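Before any comments, here is the structure.
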Ligand code: ATP
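Numbering (our numbering), first residue to last: 11 to 226.
Structural data, given as structure tokens:
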């Protein structure tokens, strides 16, 4: 069973990494591929460029068994739609292998704004990771999708390629890339919010530094 986890990763931080590692281990996935998006459809352009975001991801997962970086969205022109990514993965992995799309709760709540969103559950299972400040949707189309597909049975995920939604408790880390970028711009340190290798890269290359540089 393979997991995929997409994001802007501007930058990757431990609020992404720790929950993903817990999903990898608790659900005994073979691997999780971190997929940085090229042009995010739902937000303004990332601050760091694709090469920088990819380099930070590679540094973040270096030496961690089971975590991989997949740059297919960076190699595609135009907006990075998850449905296209899942279709291209299906073409590679075949129709029968269980595939899990990992999402934070905040992303899951907005799923009905994604391109061809109803197809996503036909292409993969969805693992929703709890995130501080976000509750499961109680009403609306995403709540209905959740009610229809929810399971807490991981054996069921293994038994079929797609179609189930599992809500996953993970260590709650109230960290966002937005906050990290703001700290750095203010001349403060983001040490311990990102892996050491990522912080070393940000500090030396100045990816997010405005006028003032952190002296950390
Ligand atoms: P930004 O602050 O720039 O919007 P972000 O920190 O939310 O960024 P993204 O790269 O946009 O990070 O998120 C990618 C995925 O990671 C999304 O599914 C999001 O819900 C999830 N995610 C991000 N931060 C956390 C966190 N602290 N806990 C759980 N999930 C998270």
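No residue lacks a Cβ here, since even glycine has one placed at the ideal position from N, Cα and C.
Source: prediction; values computed, not measured.
- Using a cutoff of 7 Å, the CB of residue 85 does not count as near ligand 1, since none of the ligand's heavy atoms is closer than that.
- By the criterion of at least three beta-carbon pairs nearer than 8 Å, the stretch 119-134 is not in contact with the stretch 30-47.
- DSSP lists no bridge partner for residue 217.
- The continuous stretches of beta strand (DSSP E) do not include residue 33, which lies in the alpha helix (DSSP H) extending over residues 24-36.
- Each residue's CA atom was taken as its position, placing residue 100 and residue 113 some 18 Å apart.
- In this structure, residue 177 and residue 208 do not form a Cβ contact; the two beta carbons are roughly 28 Å apart against a cut-off of 8 Å.
- In the structure shown, the three-state DSSP call for residue 93 is helix.
- By the 16-neighbour rule on beta-carbons within 10 angstroms, residue 174 is buried.
- Between residue 76 and residue 42 the beta-carbon gap is near 6 Å, inside 8 Å, which marks them as a contact.
- About 4 Å separates the Cβ atoms of residue 184 and residue 142, confirming a contact at the 8 Å cut-off.
- In this structure the stretch 187-199 does not lie against the stretch 142-158, because fewer than three pairs of beta carbons, one per stretch, are closer than 8 Å.
- When Cβ pairs closer than 8 Å are counted between the two stretches, the stretch 52-70 is seen not to touch the stretch 31-38, the count staying below three.
- The secondary-structure analysis by DSSP pairs residue 13 across a beta bridge with 42 and 110.
- Here residue 51 is not near residue 108, since their CB atoms are 8 Å or more apart.
- If you check the CB distance, residue 12 and residue 39 come in under 8 Å.
- No Cβ-Cβ contact shorter than 8 Å links residue 167 with residue 140.
- Taking residue 103 as the centre and dropping the five residues before and after it, the same chain places the C-beta of 12 and 109 closer than 8 Å to its C-beta, in chain order.
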